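From first to last, the protein sequence lines are chains A and B.
End of the first sequence sits at 196 in numbering that gives the first Met the number 0; the numbers just go up one at a time, nothing left out.
End of the second sequence sits at 143 in numbering that gives the first Met the number 0; the numbers just go up one at a time, nothing left out.
These notes concern the structure reproduced below.
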Amino acid sequence: MTPLTPLLRIATVSVLAAALLAGCAKDTVRYGDARGVETITNEFGSTDLQMIAEAMTRSLLDAPVVAANNLPIVTVQEVRNKTSEYIDTRAITDSIRAELQKSGRVRFAVDAADMANQKEEVDRQQDDEYYDREQTAEKGRMVGAQYRLEGNISSIVKQAKDIKDVYYKFNLQMWNVRDGLLEWTDEKEIRKTTTKG
Amino acid sequence: MKTIVVAAALAALALGAGCASRKGFEREGFAFGCPVADADVDSMGDLIAAKVAPEGKRTNVVVTEMRCTISGERMKIEANLENDAGQIRRVAYKFRWIDTEGMRAADEESWKPVLMYEKSNHVVTAIAPNSKAVDFRLVYMGQD
Numbered sequence: 000m001t002p003l004t005p006l007l008r009i010a011t012v013s014v015l016a017a018a019l020l021a022g023c024a025k026d027t028v029r030y031g032d033a034r035g036v037e038t039i040t041n042e043f044g045s046t047d048l049q050m051i052a053e054a055m056t057r058s059l060l061d062a063p064v065v066a067a068n069n070l071p072i073v074t075v076q077e078v079r080n081k082t083s084e085y086i087d088t089r090a091i092t093d094s095i096r097a098e099l100q101k102s103g104r105v106r107f108a109v110d111a112a113d114m115a116n117q118k119e120e121v122d123r124q125q126d127d128e129y130y131d132r133e134q135t136a137e138k139g140r141m142v143g144a145q146y147r148l149e150g151n152i153s154s155i156v157k158q159a160k161d162i163k164d165v166y167y168k169f170n171l172q173m174w175n176v177r178d179g180l181l182e183w184t185d186e187k188e189i190r191k192t193t194t195k196g
Numbered sequence: 000m001k002t003i004v005v006a007a008a009l010a011a012l013a014l015g016a017g018c019a020s021r022k023g024f025e026r027e028g029f030a031f032g033c034p035v036a037d038a039d040v041d042s043m044g045d046l047i048a049a050k051v052a053p054e055g056k057r058t059n060v061v062v063t064e065m066r067c068t069i070s071g072e073r074m075k076i077e078a079n080l081e082n083d084a085g086q087i088r089r090v091a092y093k094f095r096w097i098d099t100e101g102m103r104a105a106d107e108e109s110w111k112p113v114l115m116y117e118k119s120n121h122v123v124t125a126i127a128p129n130s131k132a133v134d135f136r137l138v139y140m141g142q143d
C-alpha cells in the first residue's frame, strides 16, 4: 500500500471530521414567543404584521363611525402590496378583521374573496332536497356592507455596502359605500436597518 | 386648651381641602386619571411603581410619567419613557389589560420595539382594546 502524502492525509482527516460532525449535529426545536420581537432579517415579519394590525384596529375603534356604537357593516377589500417583496396582505387584513370582530363594535359582510363560497353554499342549500325548506338560506337575503376597508403597503429600500435600510408605510382607509366619502384613515410606519459585522 | 383644639381642627380641614384638590388626585380611586383602586398611590412615582412591570432583560430606560383618560368607553394611556444614557437604547413594550375581576381583558399584545436616542424621551400611547379593560400594566424590557 502506498503511503499517503501529507496533503492527502490532511484532506482525508478533514473529510472524515466533517462527516463525523455532520452526523453528530442535532437539530434543536423549541417553541418561541409568537408575539416576541423578531429581527432575523429586515424583510417584512411577524412583528411588523402584529404591530400594524394592532395599531390599525385600535385607531379604527376610536373612529367616530365605529365609536358611535352603530355596529357598522364593513367589508374588507384588498390591501395592495406596493413593496418589492412578497407580503401576504390578506394575513394583515385577517388579523385586523379578527380584532375588530372581537371588539363587538363592527360587523362584517362577506367580502369579494369569499363571495364565491357564500354563493355556492346558498345554492347548495337551495338545490338540495334534503334540507328543510323553512330553514334554508334564501337568495336575496344577504346584507351589503355600508363601509369598505382598503389600503396599501409600500416600502423604500436603501442599501449601501454594509447597511440596508427598509422603511414600510401601511395605510388603511374606510370608505362609505353609499356616498363615497372617506370616513377614516390611518397610517403605520416602520423602519428597519440591518448592519453587517 | 380650646384654642389648641380649634387650631388643630382648622389645620386638619386645610390639609384635607388641600389633598382633595391636589392635581392628579381629584377622583377617588384614580391617580393622574389612572385606576389605582386601593393601592397606596400618593405620587407619580407610586403610580409608576404600581403600573409598570419590567420583564426579561433589564434596561436603564425608565418610565417617568404616566397619565390616563377615558376616550368613549375605552381607557387611553400615555407613558413617557426616558433614556438618560449617552447611548442609543432599544426597548420593547406592551400593555396588559385587566378587567374588573383582575383577569385578562384581552389577548396578550405583541411586543412593540422602540429605538431611543441618547438623552431622549419617547411617549408611548395605548387605547384599551375594549371597554372591559378597566386596569392595565405597562410591561417593558431591554432589547440591546
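Beta carbons are placed, not taken as given, at the ideal position from N, Cα and C, and that holds for glycine.
Every value quoted in this text rests on a predicted model; they were computed, and no experiment measured them.
The alpha carbon of A/Thr92 has as its nearest neighbour, out of A/Glu77, A/Lys101, A/Glu84 and A/Lys81, the alpha carbon of A/Glu77. Of all residues in the stretch 109 to 125 of chain B, only Ser109, Trp110, Lys111, Pro112 and Ala125 come within less than 8 angstroms of chain A when Cβ atoms are compared, listed by chain position. DSSP places B/Arg26 outside any beta strand (DSSP E), giving it a letter other than H or E. In this structure, B/Trp110 sits away from A/Gly196, with a CB-CB distance that is not shorter than 9 angstroms. Rounded to the nearest whole angstrom, the CA to CA distance from B/Phe31 to A/Lys25 is 54 angstroms. For B/Glu107, a Cβ of chain A is located within less than 9 angstroms of the residue's own Cβ. Annotation for A/Asp47: Tyr167 and Ile189 place their beta carbon closer than 7 angstroms to its own, counting only its chain and skipping 5 residues before and after. In the three-state reduction of the DSSP assignment, B/Pro128 falls in the coil class, being assigned neither a helical nor a strand state.
Setting aside the 5 residues that flank it on each side, B/Ala105 is surrounded in the same chain by Trp96, Pro128, Asn129 and Ala132, each with a C-beta closer than 7 angstroms to its C-beta; the list follows chain order. Among the residues of the stretch 79 to 92 of chain B, those with a Cβ less than 7 angstroms away from any Cβ of chain A are Ala91, in the order of the chain.
Shown here, A/Arg29 sits in coil according to DSSP, grouped into three states, outside any helix or strand. Not a single CB atom of chain B sits nearer than 9 angstroms to the CB of A/Gly196. For B/Ser70, a Cβ of chain A is located within less than 9 angstroms of the residue's own Cβ. For the stretch 49 to 70 of chain B, the beta-carbon criterion of a distance under 9 angstroms to any beta-carbon of chain A is satisfied by Ser70.
A/Ser102 reaches chain B at Pro128 and Asn129, counting residues in chain order whose Cβ is nearer than 7 angstroms. Residue burial annotation: B/Ala91 is buried, with at least 16 other C-beta atoms found within 10 angstroms of its C-beta.
Annotation: A/Leu70 is outside any alpha helix (DSSP H) and is labelled neither H nor E by DSSP.
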